[in-house]
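Residue 519 in the numbering used here is what sits at position 277 of the sequence shown, and the numbering runs on without skipping anything. One structure below.
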Amino acid sequence: MRLTGSLLLAALLTGPALAQPATEPLPQALYDTMVKGNGRIYPGYRVNHAKGALYEGSFTPSAEAAKLSKAPHLQSTPSSLLLRYSDAGGMPEVADNAASSAVRGLSFTFTLPDGTATDLMMINVPVFVTRRPEDFLGLMQAAQATKPDMPQPTPIARFLAEHEEARRFVTMAKPMPQSFATEQFYALHAYRLTNAAGESHFVRFRLVPEAGTAYRAPDSVAGLPRDVLFDELGTRVAMGPVRYRLVAQLAAAGDQTADPSEPWPVDRPLVELGMVSVTQAVPDGPLAERKIGFLPNRVLPGLDLSDDPFLKVRSDVYAIAFPARQQ
Ligand code: HEM
Numbered sequence: 243m244r245l246t247g248s249l250l251l252a253a254l255l256t257g258p259a260l261a262q263p264a265t266e267p268l269p270q271a272l273y274d275t276m277v278k279g280n281g282r283i284y285p286g287y288r289v290n291h292a293k294g295a296l297y298e299g300s301f302t303p304s305a306e307a308a309k310l311s312k313a314p315h316l317q318s319t320p321s322s323l324l325l326r327y328s329d330a331g332g333m334p335e336v337a338d339n340a341a342s343s344a345v346r347g348l349s350f351t352f353t354l355p356d357g358t359a360t361d362l363m364m365i366n367v368p369v370f371v372t373r374r375p376e377d378f379l380g381l382m383q384a385a386q387a388t389k390p391d392m393p394q395p396t397p398i399a400r401f402l403a404e405h406e407e408a409r410r411f412v413t414m415a416k417p418m419p420q421s422f423a424t425e426q427f428y429a430l431h432a433y434r435l436t437n438a439a440g441e442s443h444f445v446r447f448r449l450v451p452e453a454g455t456a457y458r459a460p461d462s463v464a465g466l467p468r469d470v471l472f473d474e475l476g477t478r479v480a481m482g483p484v485r486y487r488l489v490a491q492l493a494a495a496g497d498q499t500a501d502p503s504e505p506w507p508v509d510r511p512l513v514e515l516g517m518v519s520v521t522q523a524v525p526d527g528p529l530a531e532r533k534i535g536f537l538p539n540r541v542l543p544g545l546d547l548s549d550d551p552f553l554k555v556r557s558d559v560y561a562i563a564f565p566a567r568q569q
């Protein structure tokens with residue numbers, strides 16, 4: 243499915259116009275603006291990536307992983323995984339083939355036998371829509387301030403004219419996968435891996451499906467059942483594990499690490515970190531997913547944050563969002 247920029251934005255970011263008071267802290271402003279853009283509240287659900295499903299699985303590190311990092315989950319011991327697949331947007335009942343669902347999430351917590359844990363959050367697009375968190379607020383505000391009968395240039399048209407990376411993102415093809423098991427996922431932000439010898443590398447994580455990538459023809463997407471991808475995944479996992487390779491893309495000296503809208507050159511080396519196996523749906527998943535959350539700054543020794551400001555800002559936003567959905 244190829245989405246036009248306006249279609250994707252309309253689906254992702256519709257809602258009443260809102261000007262944020264300049265004094266509001268950025269994470270709160272991001273959260274409030276996202277809530278207002280949703281137009282209504284679904285109690286107990288996430289305000290973004292509201293539709294989701296929880297699975298259990300395991301991660302087995304490769305021998306290469308420990309050469310890059312001393313992080314405990316990248317040594318020889320397998321971790322158990324709690325994974326949540328999601329469709330972007332604030333509507334829990336959104337259709338998997340809706341325009342707003344074109345961005346999909348896969349988040350997971352690795353837990354070692356001694357309880358040591360870390361999170362990884364990914365989406366199925368290799369870059370983010372804005373360079374900085376402030377610009378993401380500006381994008382949401384511009385989308386919400388844009389009304390159908392406005393003369394050009396509308397606020398969103400002005401925003402896109404001024405932000406080449408946002409234009410690139412919204413016009414990028416985002417085909418609907420055959421299955422969550424045939425999609426790639428990217429953590430977008432740079433992290434720093436440090437090994438036992440003290441050598442560090444900046445990396446970007448991605449998941450590559452063992453089944454290979456496979457997408458649907460754009461003209462085959464209309465009319466699919468609402469939960470086609472979630473239902474297919476449930477059936478597939480019941481028949482056997484769904485696997486992905488966890489891969490680190492290594493930065494070269496001088497590659498920027500602060501801007502998730504800018505990919506690194508494709509010739510940067512890829513290192514196999516291990517195998518993710520998704521083995522079973524969590525019993526009572528819809529209830530269980532309300533009680534858990536993920537954080538992009540939940541790291542471990544040997545796995546550190548880069549200077550990407552999204553890592554801190556997003557973690558602060560999620561720390562607001564999690565308690566707000568516990569009522
Ligand atoms: C400033 C930018 C962003 C804001 C304001 C934002 C906001 C949010 C919020 C409020 C939630 C719900 C969290 C909860 O209730 O636990 C969420 C979920 C999520 N976000 Fe973001 N987000 C941003 C950027 C990103 C980026 C860059 C990624 C790419 C990895 C991402 C991936 C996800 C995923 C995968 C989920 C679902 C997590 C789950 O399954 O529990 N977000 N986001």
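For each residue, glycine too, the CB sits at the ideal point set by N, CA and C.
Buried or exposed, going by whether 16 or more other CB atoms sit within 10 Å of the CB of residue i?
i	result
A313	buried
P390	exposed
L251	Note that L251 scores 48 on pLDDT, short of 50, meaning its location in the model is unreliable and no value can be drawn from it.
R373	buried
Q573	What the structure shows of the chain is the stretch from 243 to 569, and residue 573 is not part of that stretch, so it cannot be assessed.
D329	buried
E504	exposed
E441	exposed
A253	Low confidence applies to A253: its pLDDT is 41, below 50, so where it sits in the model is not reliable, and the reading given next is rough at best. Label assigned to A253: buried.
D461	exposed
K533	exposed
V508	exposed
Q569	exposed
G482	exposed
T351	buried
M364	buried
P543	exposed
T275	buried
G496	exposed
D473	exposed
I283	exposed
G465	exposed
M579	Past the edges of the chain, shown from 243 to 569, lies residue 579, and the structure says nothing about it.
Within the same chain, show all residues whose beta-carbon is closer than 7 angstroms to that of residue i, passing over the 5 residues directly before and after it, in chain order.
i	result
A423	P451, A453, L475, R478, V484
T302	P320, G516, M517
A259	Its pLDDT being 41, under 50, A259 is placed unreliably by the model, and the measurement read from it follows with that caveat. Only Q386, A387 meet the Cβ criterion.
Q491	V445, R446, R448, W506, R510, L512
G286	R532, R567
Kindly list the residues whose CB is nearer than 6 angstroms to the CB of residue i, restricted to its own chain and excluding five residues on each side of it in sequence; keep chain order.
i	result
L296	R326, V524, G527, A530, E531
D361	T351, F536, L537, R540
A438	K312
H291	S328, A330, G347
T265	none
Assuming residue i is part of the beta strand (DSSP E), what are its boundary residues?
i	result
P303	293-303
L352	A quick correction: the sequence has Phe, not Leu, at residue 352. Start and end: 346-353.
L537	Unbroken run through L537: none, as it is neither H nor E.
P451	442-451
Q491	484-492
M364	359-365
M481	No beta strand (DSSP E) holds M481; the alpha helix (DSSP H) holding it covers 470-481.
Y457	Note, Y457: premise wrong, no beta strand (DSSP E); not H, not E.
D329	321-329
D546	545-547
L435	433-436
What residue range does the alpha helix (DSSP H) around residue i cover?
i	result
Y560	551-566
R409	406-413
M517	Run containing M517: none in the alpha helix (DSSP H); it sits in the beta strand (DSSP E), 512-523.
Y287	Per DSSP, Y287 belongs to no alpha helix (DSSP H) and is neither H nor E.
L268	268-280
L379	375-387
G527	527-530
Since I believe residue j is in contact with residue i (beta carbons under 8 angstroms), could you give me their beta-carbon distance rounded to a whole number of angstroms?
i	j	result
D550	H431	4 angstroms
D558	P355	Rounded, the Cβ-Cβ distance is 31 angstroms, inconsistent with contact.
A456	Q426	No, A456 and Q426 are not in contact; Cβ-Cβ is about 11 angstroms, not under 8 angstroms.
R510	A493	7 angstroms
R288	R567	6 angstroms
A305	Q317	Not really, about 10 angstroms apart at Cβ, beyond 8 angstroms.
L272	L379	5 angstroms
F411	V371	4 angstroms
A408	L381	6 angstroms
F564	P502	That pair is no contact at about 22 angstroms.
Which residues in the same chain as residue i place their Cβ atom closer than 8 angstroms to its Cβ, once the five residues preceding and following it in sequence are excluded?
i	result
S548	H431, A432, Y433, R434, F444, T499, A500
M333	N280, Y284, A292, K293, S342
E376	L268
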